[in-house]
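Structure first, commentary second.
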Amino acid sequence: MVERELVIVGAGPAGMAAAISARESGITDILLLERDQCLGGILNQCVHTGFGIEYFKEVLTGPEYSNRFIEKINALPEIEISLKSFVVKLTREKVLTYIKPGTMEDVKAKVVIMATGCREKTREMVHIAGTRPSGIFSAGLAQKLINIEGLLPGREVVVVGSGDIGLIMARRFTLEGARVKAVIEIQGKSRGLARNMAQCIEDFDIPVYFNHKISRIYGRDRVEKVIVVKVDENFNEIPSSGFEIGCDTVLMSVGLIPENELIEAAGVEIDRKTGSPVSKEVNKTSLPGIFCCGNSFKIYDLADWVSKDAALAGKMAADYIRGVK
Amino acid sequence: MIKRLTCIECPKSCLLSIKIENTRVAKVSGNECPKGEKYAIQEIENPMRILTSAVLTEGLSLKMVPVRTDKPIPKSKIMEAMGQIKKIRLKSPVKSGSIIAENFLSLGVNLLSTRRVS
Amino acid sequence: MGLYDVIIIGGGVIGASIARELSRYKLKIAILEKEEELAFGVSKSNSGIIHPGTQNPVNSLKGRLCVQGNALTRKMSKELGIDFKEVGELIVAFNEEDRLKLVELKNDAEILGVPRLRVVDRAWLKKNEPNLSRDAAAALYAPTAGIISPYRWAYDLAENAAKNGVEIHTLTNVENILQHSGAGNIGDFEIDTSKGEFRSRYVVNAAGLFADDISRMIGIDDFKIRPRKGEEFLLDKKRENITNHLIFPLPSKSSKGVLVIKTSDGNPMIGPTAEDVESKTDLSTSDEGFKKVLSSVQRLVPSINGNDVIAYFAGLRPASGEDFIIRREAKAPGFINVAGIQSPGLTAAPAIALLVSGLLRKSGLSLKRKLFFHRHRKRDIHLFNIPLSKTKRLIKRDPLYGDIVCRCEMVSAKEVTDAIGRGAKTLDGIKFRTRAQSGRCHGSFCTTRLMKILASETGKKSTEITKRGKGSEIIKEERCQALPAKSA
């Protein structure tokens, strides 16, 4: 079986920063596995600015931020990039099995850094009653459709959740000519950055309903309307507070969950509530030599912080190898 | 009249109190640094925004290439700018930072690609 | 299109079973289905249980056909390459009075021919069903209960029927039926549909929720389909082994009760509710339904909690009276009604097919066996079901198996294109056949790619790709077109 020093799973902002830092910390044999056909991960679809303010002291878009890391990686021959490589299994002995078009490979690593990112909470997870028509999208899916595929998935949108992704997408839809009729937030204040509230919501006069939630979705084949209700401090519906909003799209932006199915199957202890690895120290998991960084470790608000902690993970991996040796 | 704004120049997010007389800023308070005052004046008298979006390509490796204005443009021109962006068909390869449209909308800003496409 | 021997109205699991059975004979057969794909009506909301035959009235068609269907499904599932898993069922009693009811159920079931029934006690339950409530006093154990994927079953039956010559017409809504008076006793039927006219010597009405509307077209209106909604809730696959058997409470007058179900794909399911409704098309779920199901099943398995629920849906049972309505119609010779097929319809399907075949023969249809009947169907390949070593060999043979589209359920591009080749035209069609979009992220990751594959394989534009047929399009417009409605 092929043996490598360091295998990193995921070449988004976390994986790339970890790879560069690991190389700079002295590891000279790095395999970077990425399931997509290019580096960058989620950054590729984040066409908006807001990246790099802390890390590079510049105002960058997602692809520009990503590009800084891509150029560095391309200049480091010790980092082997394997695209279209989808990891299907990880063992506690640090053997990874991955699928590439035409082949399935096994590789044993001295140290592993998982940078598998996160997924979005779905409508079902927040128990919204009603029908199951087309027109209900997670914010990330809508973002990909619009920014990567040039497809507009809706014309009259209700956004559920005032987190950053929801706010960004409210603006994105508006710029494409759709009408964002409301942002519905169950808490008393916005979950996103002040900058996004200003530039995505206030700029376009989009109504925000704090202390509200969607109680029901209507529409047989496509979303037709939603019922919005006010909630009390315990998030219970206040009766008779419901009103309708006609729409053809419900955009779900209700939270992110670290994507840790692989390490969980390998025996790493995962916190059932958050999806994060159980850990007292950033990037570490309950299995020595298996590190986890970026959104798969915990959900970060800024990509800049992801890169910072992921860079630390690269150093930690180097320390681990030296210690093990 | 008094308008309240959250400053977005740095993570401190100072809550600004802006006194407006005859559509001009008379006084700014609540800011912890001069950037806040500058931001308030700009936001009230002539709000500017960097516009980011994506343009359709023809015959290139990616269907859409992400773009940005290299400098902020007046907020009031944003939807008009989007109208123009939607008309663009990029036919030749570009690097990140290449100019796709010079002097976009005659506003003295350029529309740049933010990603390499071959 | 010529004169058909038999036209089956309705392409759910019943229509598909009947078609498959009749395709053994030298007959010109067609299924007419009004939706974009088969099994998009009642069949897709099924619990997937192959019942042993308990809980049916002794002299009922339901009882007889269920027991027969259980045996037939086992045999046919092997022929058609689909997983049937025998998991057994437990009908649970909480006190002595209920335990006596179990004995009654057992006796009734044994008259119907249900095999190997026994009443088991607390000790047995503690050992064999550890998560069952400690308050459970006894249970009726029916080992022959099993589970199957209801829509894959419908698709596999239909595919095999098609291989044996049955025509399948989708998006074909029956609008009117006329019977001509023939020279002898039986006159041909003229069926007007949204896709033109079909003519057939015999008609089988297996139209589910709309069976009464179809039957009325031929002047027979002595039954009415009264939809009864059932909401069901899927649990995280990680809870797959929360139970070892299907768990039933004691049945009530109108329903089998709220169950703890094991499904063929691994996710446990809880439900269904039972609520009489007016609408034949409203599939909405409710907070009340959720609360009711949760509290009912927590009585049986206390450790189930709301956080385990990852998905939910509703179905409508085509209820009509107490028993199945499967009969020849004297007023319209050659017309067979197959209506009111609620539970245990899925189980009974192959037996219903045999019964209908017999009724057609009694009506004068000559059933001559074909020389070559393709009895077998090759099992579908699903990467998530096979060991990695086998996946490796597949990828070497066909690289498209190595192109993973749905990462939650490990579905490759090859499986997706195969599903489209076998009739999937919509995102739901792909979901039901491959499980892509059924996983943790509910399609957030794979939908984009699935749409692209569908567009390229079917020649549809992006704006024409749907969730489950016209009206459920995903994309409103493609970038090359419209400008924003308003400017600055």
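Which chain is which? The protein sequence lines are H, G and R, in order.
Throughout the first sequence, residue numbering follows our numbering, covering 581 to 905 in sequence.
Throughout the second sequence, residue numbering follows our numbering, covering 323 to 440 in sequence.
Throughout the third sequence, residue numbering follows our numbering, covering 1184 to 1671 in sequence.
From the three backbone atoms N, C-alpha and C, an ideal C-beta is built for every residue, glycine too.
Inter-residue spacing [alpha-carbon to alpha-carbon] between residue i and residue j
i, j, result
"residue 1596(R)", "residue 874(H)", "29 Å"
"residue 635(H)", "residue 623(H)", "15 Å"
"residue 747(H)", "residue 763(H)", "8 Å"
"residue 1284(R)", "residue 1435(R)", "12 Å"
"residue 827(H)", "residue 672(H)", "48 Å"
"residue 1267(R)", "residue 1253(R)", "11 Å"
"residue 1608(R)", "residue 1218(R)", "11 Å"
"residue 1292(R)", "residue 1237(R)", "5 Å"
"residue 693(H)", "residue 889(H)", "12 Å"
"residue 1666(R)", "residue 1635(R)", "Note that residue 1666(R) has pLDDT 45, beneath the 50 cutoff, so the model's placement of it is unreliable and no number is given."
"residue 1221(R)", "residue 1191(R)", "12 Å"
"residue 740(H)", "residue 1550(R)", "59 Å"
"residue 1385(R)", "residue 1471(R)", "45 Å"
"residue 1334(R)", "residue 675(H)", "37 Å"
"residue 327(G)", "residue 337(G)", "6 Å"
"residue 420(G)", "residue 647(H)", "13 Å"
"residue 1433(R)", "residue 1405(R)", "32 Å"
"residue 879(H)", "residue 1419(R)", "22 Å"
"residue 1668(R)", "residue 795(H)", "Note that residue 1668(R) scores 47 on pLDDT, short of 50, meaning its location in the model is unreliable; the coordinates nonetheless yield the value given after this. Spanning the two alpha carbons is a distance of roughly 30 Å."
"residue 1670(R)", "residue 398(G)", "Below a pLDDT of 50, predicted positions are generally treated as unreliable, and residue 1670(R), at 40, falls in that range; no measurement from the model is reported."
"residue 439(G)", "residue 1587(R)", "24 Å"
"residue 700(H)", "residue 743(H)", "12 Å"
"residue 1674(R)", "residue 1531(R)", "Any property of residue 1674(R) remains undetermined from this structure, which presents chain R solely from 1184 to 1671."
"residue 1538(R)", "residue 1507(R)", "12 Å"
"residue 809(H)", "residue 1497(R)", "23 Å"
"residue 1226(R)", "residue 1330(R)", "14 Å"
"residue 1503(R)", "residue 1618(R)", "32 Å"
"residue 1371(R)", "residue 1338(R)", "29 Å"
"residue 754(H)", "residue 799(H)", "23 Å"
"residue 1342(R)", "residue 1517(R)", "26 Å"
Counted within 10 angstroms of its Cβ, other Cβ atoms place residue i as buried (16 or more) or exposed
i, result
"residue 1490(R)", "exposed"
"residue 792(H)", "buried"
"residue 767(H)", "exposed"
"residue 731(H)", "buried"
"residue 1301(R)", "exposed"
"residue 683(H)", "exposed"
"residue 756(H)", "buried"
"residue 872(H)", "buried"
"residue 1611(R)", "buried"
"residue 1392(R)", "buried"
"residue 1555(R)", "exposed"
"residue 1414(R)", "buried"
"residue 1455(R)", "buried"
"residue 877(H)", "buried"
Residue(s) in a DSSP beta bridge with residue i
i, result
"residue 670(H)", "676(H)"
"residue 1388(R)", "1192(R) and 1520(R)"
"residue 1661(R)", "731(H)"
"residue 694(H)", "589(H) and 872(H)"
"residue 324(G)", "341(G)"
"residue 641(H)", "629(H)"
"residue 1156(R)", "One cannot answer for residue 1156(R) here, as it falls past the ends of chain R, which runs 1184 to 1671."
"residue 793(H)", "809(H)"
"residue 396(G)", "370(G)"
"residue 412(G)", "379(G)"
Whole-Å CB distance - residue i paired with residue j, under 8 Å assumed
i, j, result
"residue 1312(R)", "residue 1488(R)", "Incorrect: roughly 18 Å between the Cβ atoms, too far for contact."
"residue 414(G)", "residue 436(G)", "The pair is not a contact, with the Cβ atoms about 16 Å apart (cut-off 8 Å)."
"residue 1262(R)", "residue 1353(R)", "No, residue 1262(R) and residue 1353(R) are not in contact; Cβ-Cβ is about 25 Å, not under 8 Å."
"residue 1658(R)", "residue 733(H)", "6 Å"
"residue 1327(R)", "residue 1235(R)", "4 Å"
"residue 1250(R)", "residue 1295(R)", "5 Å"
4-residue-minimum alpha helix (DSSP H) runs that sit fully inside the stretch 1233 to 1265 of chain R, ordered along the chain: 1244 to 1262
Entirely enclosed alpha helix (DSSP H) segments - the stretch 693 to 774 of chain H, minimum 4 residues: 719 to 727 and 744 to 755
Complete runs of the beta strand (DSSP E) confined to the stretch 802 to 871 of chain H [at least 3 residues]: 805 to 810, 823 to 826, 829 to 832 and 836 to 838
Entirely enclosed alpha helix (DSSP H) segments - the stretch 1519 to 1596 of chain R, minimum 4 residues: 1528 to 1545 and 1571 to 1580
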